[in-house]
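Order-wise, the sequence lines are chains Z and Y. Reading the first sequence from the start, the letters are residues 3 to 215 in the numbering used here. Reading the second sequence from the start, the letters are residues 2 to 321 in the numbering used here. C-beta: ideal position from N, C-alpha, C; glycine also. Step one of this worksheet: look at the structure below.
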Amino acid sequence: MVLKFAEPRWLVAKTTTHLLALLPLALMIMAAMQGGLGADPVAELTHRSGRWALRFLLFSLAMTPLRRLLSRPWPIRFRRLLGLYAFFYASLHLLIYLVLDLQGEWAQILTDIVKRPFITVGFAAWLLLLPLAITSSKKWIKRLGRNWGRLHKAVYAIGLLAILHFFWLVKADKREPLFYAAILGVLFATRLIAAWRGRAAKHPSAASTPARR
Amino acid sequence: MLIRTRPDIAGSEITPESVYRQRRDFIALGLSAPLLMLAGCHSRDNDGIPNRIAADSADGFRTGEEPTRLADVTSYNNFYEFGTGKNDPARNAGSLRPSPWSVEIAGEAAITGRFALEDILKLAKPSERIYRHRCVEGWSMVIPWLGIPLATVLAHFQPTSKAKFVAFTTLADPQQMPAIIDGVLAWPYREGLRIDEAMHSLGFLATGLYGQALPNQNGAPLRLVLPWKYGFKSIKSIVRIEFTETMPATSWNKSAPGEYGFYSNVNPVVSHPRWSQKSERRIAGSASKLFAERIATRPFNGYGAQVASLYAGMDLRKWF
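Encoded structure:
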């Protein structure tokens with residue numbers, strides 16, 4: 003590792019990332035307190051938290067291609083943090099829907115999950131994120147070995163489910179979910195190209211991080 | 002020369018927002034007094050979702066439920082010709098020119114042609130209706146509208162016996178409506194009613210709300226209000242009304258036939274494929290309430306006593 007954890011600039015970078023990642027939450031709370039969430043605050047909070055969950059998932063996914071692009075190792079060190087914020091906002095999104103929107107109408111929650119395809123896939127995406135969040139620690143990386151990388155490839159499926167959730171939710175204007183789908187597509191394509199090149203060059207697992215296994 | 006018309010209504014009939022809200026408090030006080038004796042008892046329906054106390058007039062023209070704040074009514078709109086975001090219409094509808102305005106009357110009627118809006122508005126005395134408004138997306142409002150009965154206007158043009166349906170069309174002018182070019186729906190926006198639905202006394206042509214001229218984002222200068230149907234049936238900025246013999250095409254139905262039926266009556270037992278219609282978030286606007294209250298959705302949005310007979314014998318699951 004080029005950077006050491008104790009290095010001040012590394013500490014600054016991580017703290018800044020945390021603060022930036024918490025900014026959407028801070029803005030949501032401030033807007034809620036000032037009545038700045040518009041006519042339907044529940045819908046506004048649901049949409050904001052959902053969008054940020056998806057964005058952080060894509061940020062996290064962008065770190066591996068970014069490392070390759072820059073030929074620098076540092077982006078990979080933000081990947082876990084960004085992924086955990088994706089889980090954080092996804093959980094917030096789910097919680098807002100359950101507590102503020104459905105307000106404890108448990109019967110409706112169950113029918114929604116079973117009968118509304120957009121909720122089914124959204125819930126599935128959150129469920130799949132759960133093991134990834136749990137196994138994101140160094141201890142788990144070591145314990146799972148090669149399987150850690152296999153497990154964490156599920157993140158592409160999660161991204162797809164999350165975008166499908168968004169796509170099925172909107173009534174007619176599909177541009178925004180399609181925009182995120184395009185980003186996911188590009189990120190996935192870079193992975194495929196890299197894997198293909200690696201195989202072609204018989205380059206035996208050059209990357210040292212568990213991302214590439 | 003055409004001059005922007007204000008609804009011809011006595012100043013005494015125009016009620017400022019603050020008075021609406023006081024009036025509602027007064028009604029609530031009257032209603033809650035007997036309920037205080039039943040403290041601890043909640044009015045609940047089968048699903049366990051609290052029922053709102055219905056305090057409608059017998060004709061359904063006025064509900065005593067708390068009106069949604071004017072600021073919310075005018076900043077949370079679905080008017081895709083101005084953008085698909087809820088705030089987009091309020092931001093972008095300034096380019097709409099509601100005056101001069103004319104409406105084309107066509108089809109199976111004795112009187113047809115193009116009529117200036119002010120002439121149409123002379124057909125009936127303006128009045129106020131306080132209606133619930135239920136959006137297919139699962140939120141609802143209570144809105145004090147100003148306008149004239151739809152039936153009176155339609156009857157004036159003397160529909161013939163061939164007039165089985167009424168088709169309505171919204172303006173589709175890319176110069177006035179910046180999001181037309183996005184092509185999210187097939188413009189112009191179209192809606193339709195069976196003639197007996199259109200002639201029902203609840204059907205209303207609104208020209209204002211909260212005692213003011215209709216804001217552009219709410220469908221100026223003339224829009225339909227059909228409180229027992231999902232909000233998208235209440236077509237905005239109407240430029241054409243046609244009496245037809247066959248069922249007219251409607252925009253959302255054409256866009257997704259499995260999701261939006263021609264009738265689109267509010268019905269808690271018929272779920273939208275993508276979301277339940279059992280309950281709704283009521284955007285009531287109480288300052289004390291940060292988040293909208295979830296309330297049970299009622300058949301025909303609580304107007305069953307007035308309109309259910311229109312659909313007698315119809316399978317409402319099939320004709321959703």
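Runs of beta strand (DSSP E) with 3 or more residues, each lying fully within the stretch 191–242 of chain Y, are found at 191–195, 205–210 and 224–226, listed in chain order. Residue pairing by DSSP puts Tyr132/Y in a beta bridge opposite Ile144/Y.
Identification of chain Z residues near Asn302/Y by a Cβ-Cβ cut-off of 8 Å yields none; the smallest Cβ-Cβ distance measures about 18 Å.
Lys234/Y and Ala159/Z have their C-alpha atoms some 38 Å from each other. When 9 Å is used as the limit between beta carbons, Arg275/Y is near these residues of chain Z: Arg118, Pro119, Phe120, Ile121, Trp170, Leu171 and Lys173, in chain order. For Thr113/Z, the nearest CB of chain Y lies under 8 Å from its own CB, placing it at the interface with that chain. Val104/Y carries a strand assignment under DSSP once its states are collapsed to helix, strand and coil. Per the Cβ contact rule, the stretch 82–94 of chain Z is in contact with the stretch 57–71 of chain Z (3 or more Cβ pairs under 8 Å).
In the structure shown, the three-state DSSP call for Gly200/Z is helix.
Annotation: Leu206/Y to Ser58/Y spans about 19 Å, alpha carbon to alpha carbon.
For Thr171/Y, there is no enclosing alpha helix (DSSP H); the enclosing beta strand (DSSP E) covers residues Phe166 to Thr171. Secondary structure note for Glu119/Y: its alpha helix (DSSP H) is the uninterrupted segment Leu118 to Leu122. A Cβ-Cβ separation of about 7 Å places Gly108/Y in contact with Ala164/Y under the 8 Å criterion.
Ile284/Y has a beta carbon lying within less than 8 Å of a beta carbon in chain Z.
Taking 8 Å as the upper bound on Cβ-Cβ separation, chain Z lies near residues Thr85, Lys87 and Asn88 of the stretch 83–111 of chain Y. The Cβ atoms of Val308/Y and His201/Y sit closer than 8 Å to each other. Annotation: Cβ neighbours of Ala41/Z in chain Y (cutoff 7 Å, chain order): Asp73, Ser76, Tyr77 and Ile284. Within 8 Å of the CB of Val44/Z, the CB atoms of chain Y belong to Arg282, Phe292 and Ala293, in sequence order along the chain. DSSP, read as helix, strand or coil, puts Ala110/Y in strand. Among the residues of chain Y, those whose CB is under 8 Å from the CB of Ala34/Z are Leu291, following chain order. In the DSSP assignment, Ser280/Y forms a beta bridge with Ala297/Y. Within the DSSP secondary-structure output, Arg115/Y pairs in a beta bridge with Glu105/Y. Judged by DSSP in its simplified three-state form, Asp316/Y adopts coil rather than helix or strand. Residues of the same chain with their beta carbon placed closer than 6 Å to that of Thr137/Z are lacking, with the five preceding and five following residues left out of the count. Under the DSSP assignment, Asn149/Z falls in the alpha helix (DSSP H) whose first and last residues are Arg148 to His154. If you look at Trp12/Z, you'll find it in the alpha helix (DSSP H) that goes Pro10 to Met35.
Contacts between Ser256/Y and chain Z, judged by CB atoms closer than 9 Å, involve Lys173 and Ala174 in chain order. Identification of residues in the stretch 135–149 of chain Y having a C-beta nearer than 7 Å to some C-beta of chain Z yields Trp140, given in sequence order.
Residue pairing from DSSP places Arg63/Y in a beta bridge opposite Ile131/Y. Residue pairing by DSSP places Phe244/Y opposite Gly108/Y and Val167/Y in a beta bridge. Contact with chain Z is found for Ser272/Y, since one of that chain's Cβ atoms lies less than 8 Å from the residue's Cβ.
Along the stretch 78–106 of chain Z, the positions whose C-beta sits under 8 Å from a C-beta of chain Y are Leu102, Asp103, Leu104 and Gln105, read in chain order.
Cβ atoms of Gly95/Y and Asn217/Y come within 8 Å of each other, at about 7 Å.
By the Cβ rule, the stretch 134–143 of chain Y does not count as touching the stretch 187–198 of chain Y, because fewer than three pairs are nearer than 8 Å.
With 16 or more other CB atoms across the displayed protein chains lying within 10 angstroms of its CB, Glu67/Y is buried. 8 Å or more divides the Cβ of Tyr231/Y from the Cβ of Ser256/Y.
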